[in-house]
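All remarks here apply to the structure that follows.
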Amino acid sequence: DMLEQARAMRDEMQRFLNEYRFGMREIETKLSILREDFEQQHSYNPIEHVSSRLKTLDSIAEKADRKGIEPTIEAIRSQLLDIAGVRVTCSFVTDAYRLFHLLAGQDDVTVVQVKDYIAHPKPNGYKSLHAIVEVPVFLSTGTVPVPVEVQFRTIAMDFWASLEHKIYYKYASQVPARLTDSLRDAALTAAELDDRMERLHRELHGERPAPIAPLQLLART
Ligand code: 0O2
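Heads up, the sequence shown is in the UniProt record's numbering, so the first residue is 9 and it goes up one at a time.
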């Protein structure tokens, strides 16, 4: 009957979301192991913080609709790859890349997609390294591969992105030109800060200072 059907549907949704929760937890564990080991080996902590979020059923439905994905579990499973998301905030740009490589190189991790918005910032100034990685999750019913979107960024990039996010929502995506210009400018300032902090950090650790900032960091795109 109806009630039975509704319950079955609820259970199926719960199982579906659980897979992503478990995949997210696997990635969190990997990151916390890397962090502890790195700290022990190199005497500093490359990760400032890690945060995770699971998309709600509402936002999954909204994004599927927006991207023209069929509203079936199968279609969503294969085409919506950011249901589970983990954000890794690092002190330095090189650490963001280093952690990505340390995670991506693991035997049970498959890199499905990489978008390097650090090397190629979005037109609004947004920077972060995005990777969709797949990890196996071992359930009582068998093993399933689960995609997780991992975003690697610096504290400065994170600071910028959270303000930009608030502005974008406040203006319901119709941000006045004055503000978009100012945000682009702030993104350059953030990149300069990252560059300086990295060079100071290298000097502190007795390494040769990095060469002058690459032109792309200073170019207004
Ligand atoms: P939330 O709250 O993190 O879930 P999409 O923009 O999602 O349609 P795509 O190709 O799926 O396109 O994703 P993309 O470009 O790799 O980036 C998606 C995520 O990156 C976003 O997730 C944000 O977290 C972050 N992001 C991307 N561009 C920007 C930006 O211009 N500003 C800020 N502040 N964050 C950005 P969600 O799902 O939008 O949000």
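We put the beta carbon where it would ideally sit given N, CA and C, even for glycine. Everything numeric in this text was worked out from a predicted model, so none of it was measured.
Relative to the alpha-carbon of residue 163, which residue among 53, 97 and 75 has its alpha-carbon at the smallest distance? Per the Cα distances, 97.
Within 7 Å: the Cβ of residue 169 and any heavy atom of the ligand 0O2? In terms of side-chain proximity, the C-beta atom of residue 169 is found nearer than 7 Å to a non-hydrogen atom of the ligand 0O2.
Under a CB-based cut-off of 8 Å, is residue 119 close to chain B? The structure shown contains no chain B; it holds only a single protein chain.
Give me the Cα-Cα distance between residue 26 and residue 86, rounded to the nearest whole angstrom. In a straight line, the C-alpha of residue 26 is about 16 Å away from that of residue 86.
For residue 11: DSSP bridge partner residues: Beta-bridge partners of residue 11 (DSSP): none assigned.
Going by the C-beta, is residue 93 closer than 7 Å to any heavy atom of the ligand 0O2? For residue 93, the shortest separation between its Cβ and any heavy atom of the ligand 0O2 lies below 7 Å.
List in chain order: all unbroken beta strand (DSSP E) runs of 3+ residues lying wholly within the region 44-111. Along the region 44-111, the beta strand (DSSP E) occurs as fully enclosed runs of 3 or more residues at 55-62 and 92-98, listed in sequence order.
Close beta carbons around residue 138, own chain, < 6 Å, minus the five adjacent residues each side: Correct list, in chain order: 123 and 159.
If you draw a straight line from the C-alpha of residue 89 to the C-alpha of residue 118, how long is it? Near 13 Å, if we compare the C-alpha coordinates of residue 118 and residue 89.
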